[in-house]
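Presented below is the structure to which this report refers.
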Amino acid sequence: MPNVIVSDGFDAEIEVDCLIIGGGAAGLTAALAAIEAGDNVLLAERDAKLAGSTALSSGLIPAAETKAQGAQSIEDSRDVFFTDIMAKNKNSADPEHVRAITDQIPQTLNWLADRHDIPFHVLDDFLYPGHSHHRMHAVPEVTGQGLVTRLEQAVMATEAMIVTGAQVIDLVVTAGGEFLGATCQRPDGASEAIAARRVILACNGYGGNPGLVARYIPEMKDALYFGHPGNQGEAILWGEQLGAVPAHLSGYQGHGSVAHPHGILVTWALMMEGGIQINLDGKRFSNEHQGYSEQAVAVLAQPEKTAFNIFDSRLRDLGRRFEDFRNAEDSGAVITADSADELAAKIGVDATALTASLQDCTTLAASGEADIHGRRFNADTMLAPPYCAVRVTGALFHTQGGLLVDSKARVRRADGGVFETIFACGGAACGVSGPDVSGYLSGNGLLTALALGHLAGGAAG
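First residue of the sequence shown? That's 1 in the numbering used here, and the numbers climb one at a time after it.
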């Protein structure tokens, strides 16, 4: 179990100004900011290579009033972005915290582009659930791994030290909570002591810890976990021992569109542009436009915890813009048919029910009325043969609760103060989604990873 050790001093083989625990987007961004602020930085990553939850994501970062938006003539504002986030979480997140994040993220993306040559463009051919403007920023690869690779290359061009295969197990602090250092364990069992004046917890959330998942989000304890296995909740466990303030630990990002049994994410753009989901009875069961996070719960409530994404060749072409979708096709997850009857036979659902579901959508589009779930359909995006289907299940991606931080990403204390030398970002910090799965707005994870990473690194330095 990760421990906090209280000590008057700490002897170590390695001494740095700033220790960063975790090598995903949050940790790498923090490293760039801390180096720029003049710190000597060591980034410790438990795995053999940098990846984390970022590499498993789509790599999309929402931001308003960025240079990338301006270059594409996209009008947006931080105020509107703030309103979209608060609407999605039903005003359950701290508005001051959300405002700080939405104000910071355009500065962070502009800084990464201008200072570190990381190019961003905005996906402008469809809107993600809950977003009123095109503001999803991506690197050219449009993948999470592409984002990690570019951030890693930027850090490698600095004097920061990146140490992989180094799992931090113990933090060492003074009785007053000042950070002294940490002990990390190597895969062969050897340990190393690292002294530092500051620490940035960038070790994500607790989605990979079954005990913590069962405690805080019991509805997902038996769900497929689609996040990084290293997300063991060390920040939460250290925070409990330090006397920090955890919040919204019941909040998380789910996803209702993971190809099964292939284990590949299928973009929700298909649903937003006209696709539907049916269950094994051939019937729709929810409003697919509410959001893919809460859709995980809806899918898991269906027979065999299974649904089918139903779309057509037009949407298949849209999906092919994403590497994950292309991987799903290559793996045989995408089933095609010339008619609804043929598709029903191939996926094993009742043909009459599937045809009725498709016809209902057409009828609703013509009438302009919403369905019983609240979704409205557009005649311009009606599905037409040939049809496609992907068998999917719901999954837990990553948690959204964490340690409360201030405007400099310093961890808050239960007594109302802050730890001056202990920072948190990304999944280690409380996000902006509130305490419920439905509060997650597309991109909230990387939003706080980069924004808080930038703040933590700069403030630490």
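Where is the CB? At the ideal position from N, CA and C, for every residue including glycine.
How far does the alpha helix (DSSP H) with residue i in it reach, from first residue to last?
i: Gly-457; result: 444-460
i: Asp-350; result: It is not in any alpha helix (DSSP H) - Asp-350 carries neither H nor E in the DSSP assignment.
i: Leu-441; result: Counting along the chain, Leu-441 falls outside any alpha helix (DSSP H), and DSSP gives it neither H nor E.
i: Met-86; result: 78-88
i: Leu-28; result: 25-36
Compute the beta-carbon to beta-carbon distance between residue i and residue j, rounded to the nearest angstrom, for a pair I have assumed lies under 8 Å.
i: Val-155; j: Leu-32; result: 6 Å
i: Phe-397; j: Gly-227; result: 5 Å
i: Asn-231; j: Gly-207; result: 5 Å
i: Tyr-440; j: Ser-293; result: 4 Å
i: Leu-270; j: Leu-343; result: Wrong, their Cβ atoms sit about 15 Å apart, outside the cutoff.
i: Ile-194; j: Ala-460; result: That pair is no contact at about 15 Å.
i: Ala-64; j: Arg-78; result: 5 Å
i: Ala-196; j: Leu-19; result: 4 Å
i: Leu-123; j: Met-136; result: 5 Å
i: Gly-282; j: Leu-354; result: 4 Å
i: Ser-433; j: Asn-204; result: Wrong, their Cβ atoms sit about 15 Å apart, outside the cutoff.
i: Thr-143; j: Gly-59; result: 5 Å
i: Ile-118; j: Gly-443; result: Going by Cβ atoms, the distance from Ile-118 to Gly-443 rounds to 17 Å, so no, they are not a contact pair.
Following the continuous beta strand (DSSP E) through residue i, name the residue where it begins and the one where it ends.
i: Gln-232; result: Element bounds for Gln-232: n/a, residue is neither H nor E.
i: Val-163; result: 161-163
i: Ala-44; result: 41-44
i: Glu-420; result: 418-424
i: Ala-410; result: First, the amino acid is wrong: residue 410 is Arg here, not Ala. It spans 410-412 - the beta strand (DSSP E) in which Arg-410 sits, taken as one unbroken run.
Might you give, ordered along the chain, the residues of its own chain that have their beta carbon closer than 8 Å to the beta carbon of residue i, omitting 5 neighbours on each side?
i: Thr-306; result: His-260, Asn-279, Leu-280, Val-299, Arg-391, Val-392 and Thr-393
i: Asp-360; result: Arg-284 and Asp-371
i: Gly-332; result: His-262
i: Gln-302; result: Asn-279, Leu-280 and Phe-285
i: Pro-246; result: Ile-236, Gly-239, Glu-240, Gly-401, Gly-402, Leu-403, Leu-404 and Cys-430
i: Lys-49; result: Thr-164
Closer than 6 Å by C-beta to residue i: which residues in its own chain qualify, once you throw out the five before and the five after it? Chain order, please.
i: Ala-370; result: Arg-376
i: Leu-364; result: Asp-371 and Phe-377
i: Ile-35; result: Val-41, Thr-158 and Ala-160
i: Met-272; result: Phe-126
i: Glu-45; result: Gly-23 and Thr-164
i: Val-418; result: Asp-406, Arg-410 and Arg-412
i: His-255; result: Tyr-292, Ala-296, Ala-395 and Phe-397
i: Thr-421; result: Glu-178, Phe-179 and Arg-198
i: Gly-453; result: Ala-26, Thr-29, Ala-30 and Cys-425
i: Ala-93; result: Val-432 and Gly-434
i: His-462; result: Here the chain has residues from 1 to 461 only, and residue 462 is not among them.
Kindly indicate which three-state DSSP category residue i falls into: helix, strand or coil?
i: Pro-386; result: coil
i: Asp-360; result: helix
i: Tyr-216; result: helix
i: Gly-263; result: coil
i: Ala-71; result: helix
i: Ile-372; result: coil
i: Glu-482; result: Since the first residue of the chain shown is 1 and the last is 461, residue 482 is not available in this structure.
i: Phe-397; result: strand
i: Val-432; result: coil
i: Val-6; result: strand
i: Gly-427; result: helix
i: Ala-365; result: helix
i: Ala-51; result: coil
i: Leu-224; result: strand
i: Leu-237; result: helix
i: Leu-60; result: coil
i: Leu-404; result: coil
i: Val-392; result: strand
i: Val-155; result: helix
Give every residue of the same chain whose Cβ lies closer than 7 Å to the Cβ of residue i, excluding the five residues on either side of it in the sequence, and list them in chain order.
i: Phe-82; result: Val-98, Arg-99 and Thr-102
i: Ser-132; result: Val-80 and Asp-84
i: Gln-172; result: Correcting the residue identity first, residue 172 is Val in this sequence and not Gln. Ile-5, Ser-7, Phe-10, Leu-180, Gly-181 and Ala-182, listed in sequence order.
i: Ala-451; result: Ile-101, Gln-104, Ile-105 and Thr-108
i: Gly-243; result: Arg-413 and Ala-414
i: Leu-358; result: Ala-340 and Leu-383
i: Asn-110; result: Thr-66 and Lys-67
i: Asp-338; result: Pro-385 and Pro-386
i: Gln-167; result: Arg-46, Cys-184 and Gln-185
Query - Start-end ranges of the beta strand (DSSP E) lying completely within the stretch 165-213, minimum 3 residues - result: Taking 3 residues as the shortest admissible run, the stretch 165-213 contains the following complete beta strand (DSSP E) segments, listed from N- to C-terminal end: 167-173, 179-185 and 191-201.
Query raised in the report: Which ranges does the alpha helix (DSSP H) cover as unbroken runs of at least 4 residues, wholly within the stretch 94-152, from first to last along the chain?
Result: Restricting attention to alpha helix (DSSP H) runs no shorter than 4 residues, the stretch 94-152 encloses them at 95-116, ordered along the chain.
Query - Every unbroken alpha helix (DSSP H) inside the stretch 266-337 [4 residues or more] - result: Secondary structure within the stretch 266-337: the alpha helix (DSSP H) runs of 4 or more consecutive residues, fully enclosed, are 269-272, 292-300, 313-319 and 323-330 (chain order).
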